[in-house]
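Novice:
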Amino acid sequence: MHAALESPADRVAQNGSAEATRTRSASDAHLSSTAATGLAIAALLVIVSVSLADGLLSSTVAYERDTTVFYYPLMSWAAQQLRQGTFPLWSPQFFGGYPLFADGEVGLGYPPALLALITFSPDRALVALRLMHLWVAALGAFALARSWRLPRSSAVLAGTVFALGSFLQAQIHHENIVRTAAWLPLLLACVEHALQAMQPRRKVGWIACSVLVLGLAGLSLHSQMLAIDLIALGLYGVARWLVAPSGLPASGWRRLGAIVGVCAPVVLLGLGMAAVQLVPLLELAGFSPRGSGIPYADSAAYSLTLPGLGQLIFPYLFRGPEDQQWGLWTHWESYIYIGLAPLVLAVVALVLVRTRPVLMWALIGGLGLVLALGQYSPFNLHYYLWLLPGLSGLRAPGRFSLVVVLAGAMLSAYGLTWLHEQARQSVLGRVRAPVRVVVVGLGAFVALLTVLLAVAHAALLNGPDAAQSWIQSSYLSLPRDTYALTVSDVYSGLLWSTDLTNPHVAGSLLGLLLLAVLLACWQLSTRWTVRTWSGWPAVLVAFTACDLLLFAWGIHPRAPLAKLGAEPPAVAAIAQLPPAPDGVPPRLLASPVLSQVAANRLAPFGVQEANGYSSLQFVWHRDYLGRVLYVDDDLLDLWNVRFVVDPAHYGRVSTYRGVDFLAQQAQLHGPADGVVSEATFGLKPGSSVSELRFVTAMMASVGVSQDTPVAEVELRDAAGQVVATRQLLAGQDSMDWAWELANVRPQMQHQEVESAGVAYEGGAGNTERKLSFADLVLDAPVQADSLTFRIVMPKGEMALYGGAILSPDGTSQQLFGRSKAK
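In this note's numbering, the protein residues as written are 17 to 838.
This is the structure:
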């Protein structure tokens, strides 16, 4: 009756009220969704920030040698220049001069790095950049998961795994590697949105975002990681075409056209945006040893190994007692760990979640793993990449584990989503069989793994000889790093890694057991409210965060940047010396073994180094440096080096019949009549000389005949007049240093002479060569102020390792140090 009395105006009012109610409900739902997303992102950023807590509080950072000899000192020097209003395209502080901008590793072409260096002190800038890029990595993985319609909790898990997983945390000390790698998931997320966009304006917008992200990755810059980003983008595009065509045209060719229509402009415009950094880098690379490519054995170094896959469960598998590393390669290049819970969830996704996106990520991760294994892979796909133009100068295929970690993060997100849906969809009081398989299977796996470890440990203890024989023949015979690694090191490491009392081993087993208990409480509970509780995904995310944070904090040593970048004592010592007459800043050459004055460390303190450290060292600098490190001659003066810091790192100074010499470092070495075939040594003023003694060696001189003059010696007084001369003769005073070799001796044209000891061919190594001793007595004592030693042999080369003058009373004076003061 009331409806019959209702007027049209009343019905319009009611309809309007209903529409307003629906609008408010939609608005509230949107606000609620936005708030939930914001809360999830905030939680993710907090989790990631904890990994840098000590850095944020006290500038204490994870570091390795590259932190102290490259990134931090050069960032500090660049910050000084920027604050003085100078953009440092070139640095005179190392290598005797180096195009720092073109190198790209400091990030002078990268806006975030420039902003940080201008805004913060160098220590805070380094920490801020690390934090920013871990945030970028986490948010990118979160966005990528959300672009595939995964729940927020799963997206948080993906972000946590990618940011705190093995790749970024193990490489955290390589600032430019982290900078370039961090952008990969965000790049893929933007590309995915562009592929799904139906409206042209939205598609163009997402393509523009993708271009910006790739451009920033290119400006960051690590050339290999940029190549891996591009390869990952290519793999993603191919996988979207072949495996996961959802949201794309049904026709294969139209689908391919849609993918190319997005990816091609992204790559071209993104690299074009980064060209200001990439073009100088490519030019510089052409002058480095990598410019013409490197042998595949060098390129394949630092591959992930097949035994290394055990690190997926035991991340410190190759860490023995007292943290002794027994892996085949440097540990930070060899980790692969995504956390225990993500690993189990990824396996759940692979086995039980039969969807095309899961297959796509499995394909991407599998190809990434094959590439990361490099030379150890059953199918060496990395070799075929090395054959491609532009990729033959890159090494460390283990860095393709970046793709594996990202794929693992996405697969774990799918696994978590599946478990959450299974719990909500199961009938009250009943649990689906696949879920039981997951929980029971995990428990059984933990038990089996514990037994296998115990059996392996017992076998190692009971059969040490057989174990060590296997280690020598099957493990140490594989390609590996150059650092010392013995059978006993590996045997000790294996014992420790199979010991159930090892905290790392026990921790992983207990972690898996705890994970099994959590999954059982969630999935096997008979109470509907427990099984459908919405907090279970957050519990697994928290479990993963704790696991990965503990892992990340144990990879590298940690120290305050104030300590790592402290002024070396050498700086103060140099400051006390008289300045150069021309006012040129002091330049020194330090031995490569000195950590306090290691290459680049002196840059922020105004001291220039003739040596240096960079992945793109000039070829001619390398060769020139090798020469002056081996022999101290006039070539060092051409570098304007005033100070040489060189400890007795070659061992004790050798002595033979009153002559001191360094067997691994000649004072003069060259062919006859060369610009470096003569050296003049200053003597004490008015030195009385009656006898000359030398330690020498001839090289490539088998055909030099007996009694042939091979060197001349001149003694001069204070006025420069020659007061005495003597000659060194082949077969009397010097011999070829390969004289004792059985295959050389029959061809030798001169006799063997008295040997003063042995040297090593090339200045280092295991090839011993004989040194010659010469004793020249003057007809009568003379007064001299300098001695000149000149090589005059007709063929081959000669080296002078040491010399001494003797006075009539038997006192000696060594010839270390030349007359031209540094």
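Beta carbons: idealized from backbone N, C-alpha and C, even for Gly.
#1: Sorted by chain position, which residues of the same chain lie with C-beta nearer than 6 Å to residue 818's C-beta, five sequence neighbours on each side aside?
#2: Hey, out of 699, 361, 826, whose CA is closest to residue 848's CA?
#3: When DSSP labels each residue in this structure, what does residue 253 get in the three-state scheme?
#4: On the criterion of 16 or more Cβ atoms from any shown chain inside 10 Å, does residue 208 qualify as buried, or is it exposed?
#5: Just to confirm my understanding: we take residue 253, look at its own chain, exclude 5 residues before and 5 after, and list those with CB closer than 7 Å. What are they?
#6: Report the option in 753, 736, 728, 752 whose CA atom is closest to the CA atom of residue 743.
#7: For residue 567, report the span of its alpha helix (DSSP H) as first-last.
#8: Kindly indicate the opening and closing residues of the beta strand (DSSP E) around residue 661.
#9: From this set, 807, 502, 128, 556, which residue's C-alpha is nearest residue 683's C-alpha?
#10: Report all residues from its chain with a CB closer than 8 Å to the CB of residue 359; omit the five preceding and five following residues, and keep chain order.
#11: List the DSSP bridge partners of residue 685.
#12: For residue 73 and residue 569, what's the separation of their Cα atoms in angstroms?
#13: Residue 178 lies in the beta strand (DSSP E); which residues open and close that run?
#14: Could you tell me the boundaries of the alpha helix (DSSP H) in which residue 195 lies?
#15: I'd like the list of long-range same chain contacts for residue 290, defined as Cβ closer than 6 Å, with 5 residues on each side in sequence excluded.
#16: Among 176, 133, 814, which residue has its Cα nearest to the Cα of residue 57?
#17: How would you label residue 653, buried or exposed, when you count the other beta carbons within 10 angstroms and need 16 or more for buried?
#18: Please classify residue 730: does DSSP put it in a helix, a strand, or coil?
#19: Cα separation between residue 718 and residue 767?
#20: Is residue 704 near residue 823, with beta carbons less than 8 Å apart?
#21: Buried or exposed, going by whether 16 or more other CB atoms sit within 10 Å of the CB of residue 244?
#22: Return helix, strand or coil for residue 299, following the three-state DSSP convention.
#23: Opposite residue 786 in the DSSP bridges: which residues?
#24: Under a Cβ-count criterion, where at least 16 other Cβ atoms within 10 Å of its own Cβ denotes burial, should residue 786 be classed as buried or exposed?
#25: Using CA coordinates, which residue listed in 595, 504, 411 is at the minimum distance from residue 309?
#26: Would residue 78 and residue 709 qualify as a contact pair, given that the criterion is a beta-carbon distance under 8 Å?
#27: Around the Cβ of residue 836, are there at least 16 other Cβ atoms within 10 angstroms (buried) or fewer (exposed)?
#28: Between residue 430 and residue 373, which are expected to be in contact by the criterion C-beta below 8 Å, what is the C-beta distance as a whole number of angstroms?
#29: Check whether the region 584-598 touches the region 85-105, counting contact only when three or more Cβ pairs, one atom from each stretch, lie closer than 8 Å.
#30: If we ignore side chains and look at the alpha-carbon of each, how far apart do residue 672 and residue 773 end up?
#31: Start and end of the alpha helix (DSSP H) containing residue 504?
#32: Return the first residue and the last residue of the alpha helix (DSSP H) that residue 381 is part of.
#33: Where does residue 146 fall in DSSP's three states?
#34: Helix, strand or coil: how does DSSP classify residue 822 here?
#35: Taking the alpha carbon of residue 472 as the reference point, which residue from 489, 515, 257 has its own alpha carbon closest?
#36: Check the C-beta distance from residue 645 over to residue 803 and give it rounded, since I have them as a contact under 8 Å.
Specialist: On the basis of the coordinates in this document:
#1: One-based indexing of the sequence shown puts residue 818 at position 802. Contacts found: 675, 676, 677, 711.
#2: There is simply no residue 848 to check, as the chain begins at 17 and stops at 838 in what is shown.
#3: On the sequence shown, residue 253 is found 237 positions in, with the first residue counted as 1. Of the three classes helix, strand and coil, the one that applies to residue 253 here is helix, per DSSP.
#4: For the purposes of this step, residue 208 is taken as the residue at position 192 of the sequence shown. Buried, by the Cβ-count rule.
#5: Looking up residue 253 in the sequence shown gives position 237. Setting aside the 5 residues that flank it on each side, residue 253 is surrounded in the same chain by 275, 279, each with a C-beta closer than 7 Å to its C-beta; the list follows chain order.
#6: The residue labelled residue 743 in the question sits at position 727 within the sequence shown. The candidate whose alpha carbon is nearest that of residue 743 is 728.
#7: As a working mapping, residue 567 is identified with position 551 in the sequence shown. Taken as a continuous stretch (DSSP letters only), the alpha helix (DSSP H) holding residue 567 covers 552-569.
#8: Here the question's residue 661 lines up with position 645 in the sequence shown. Here the beta strand (DSSP E) through residue 661 covers 659-661.
#9: Locating residue 683 in the sequence shown gives position 667, where the first residue counts as 1. Answer by Cα proximity: 807.
#10: Reading the sequence shown from its first residue, position 343 is the one you call residue 359. Hits under 8 Å: 328, 329, 424, 428.
#11: Counting from 1 along the sequence shown, the entry for residue 685 is found at position 669. Under DSSP, residue 685 takes part in a beta bridge, and its partners are 815.
#12: Start at 1 with the first residue of the sequence shown, and residue 73 comes out as number 57. Start at 1 with the first residue of the sequence shown, and residue 569 comes out as number 553. When only Cα atoms are considered, residue 73 and residue 569 end up about 15 Å apart.
#13: Position 162 of the sequence shown, counted from the start, is the residue given in the question as residue 178. Boundaries around residue 178 are those of the alpha helix (DSSP H), 168-180, since no beta strand (DSSP E) includes it.
#14: Sequence index remark: in the sequence shown, residue 195 carries index 179 (1-based). Segment 191-197, the alpha helix (DSSP H) holding residue 195.
#15: Start at 1 with the first residue of the sequence shown, and residue 290 comes out as number 274. Closer than 6 Å at the Cβ level, and outside the excluded window around residue 290, lie 231, 234, 235.
#16: The residue you call residue 57 lines up with position 41 of the sequence shown. Minimum Cα distance to residue 57 is reached at 176.
#17: Taking the sequence shown and counting its residues from 1, the one referred to as residue 653 is at position 637. Exposed is the call here.
#18: Within the sequence shown, residue 730 is the residue found at index 714, counting from 1. Three-state result, residue 730: strand.
#19: Within the sequence shown, residue 718 is the residue found at index 702, counting from 1. Within the sequence shown, residue 767 is the residue found at index 751, counting from 1. Residue 718 and residue 767: Cα-Cα distance of roughly 10 Å.
#20: Translated into positions along the sequence shown, residue 704 becomes position 688. Translated into positions along the sequence shown, residue 823 becomes position 807. Result yes, Cβ atoms of residue 704 and residue 823 sit closer than 8 Å.
#21: As a working note, residue 244 is residue 228 in the sequence shown. By the neighbour-count rule (16 or more Cβ atoms within 10 Å), residue 244 is buried.
#22: Taking the first residue of the sequence shown as position 1, residue 299 is located at position 283. Three-state DSSP puts residue 299 in a helix.
#23: The residue labelled residue 786 in the question sits at position 770 within the sequence shown. Paired residues: 774.
#24: Within the sequence shown, numbered from 1, the residue matching residue 786 stands at position 770. Buried is the label assigned to residue 786, since at least 16 other Cβ atoms lie within 10 Å of its Cβ.
#25: For this step, residue 309 is matched to residue 293 along the sequence shown. Looking at the Cα atoms, 411 is the closest of the given residues.
#26: Counting from one through the sequence shown, the residue named residue 78 turns up at place 62. Counting from one through the sequence shown, the residue named residue 709 turns up at place 693. No, they are not a contact pair.
#27: In the sequence shown, counting from the first residue as 1, residue 836 sits at position 820. Annotation note: pLDDT 41 at residue 836 (below 50); position unreliable, coordinate value reported separately. By the neighbour-count rule (16 or more Cβ atoms within 10 Å), residue 836 is not buried but exposed.
#28: The residue labelled residue 430 in the question sits at position 414 within the sequence shown. The residue labelled residue 373 in the question sits at position 357 within the sequence shown. Going by Cβ atoms, the distance from residue 430 to residue 373 rounds to 7 Å, so yes, they are a contact pair.
#29: No, they do not touch.
#30: What you label residue 672 is simply residue 656 of the sequence shown in a count that begins at 1. What you label residue 773 is simply residue 757 of the sequence shown in a count that begins at 1. If you take the alpha carbons of residue 672 and residue 773, they lie about 8 Å apart.
#31: For this step, residue 504 is matched to residue 488 along the sequence shown. Counting along the chain, the alpha helix (DSSP H) containing residue 504 begins and ends at 503-513.
#32: Taking the sequence shown and counting its residues from 1, one reaches residue 381 at position 365. From DSSP, the alpha helix (DSSP H) with residue 381 extends over 372-389.
#33: The residue given as residue 146 occupies position 130 in the sequence shown. In the structure shown, the three-state DSSP call for residue 146 is helix.
#34: Translated into the one-based positions of the sequence shown, residue 822 becomes position 806. Residue state, collapsed to three classes: strand.
#35: Counted from its first residue, the sequence shown places residue 472 at position 456. Closest option to residue 472, Cα to Cα, is 515.
#36: Looking up residue 645 in the sequence shown gives position 629. Looking up residue 803 in the sequence shown gives position 787. Taking the Cβ atoms as the reference, residue 645 lies roughly 24 Å from residue 803, outside the contact range of under 8 Å.
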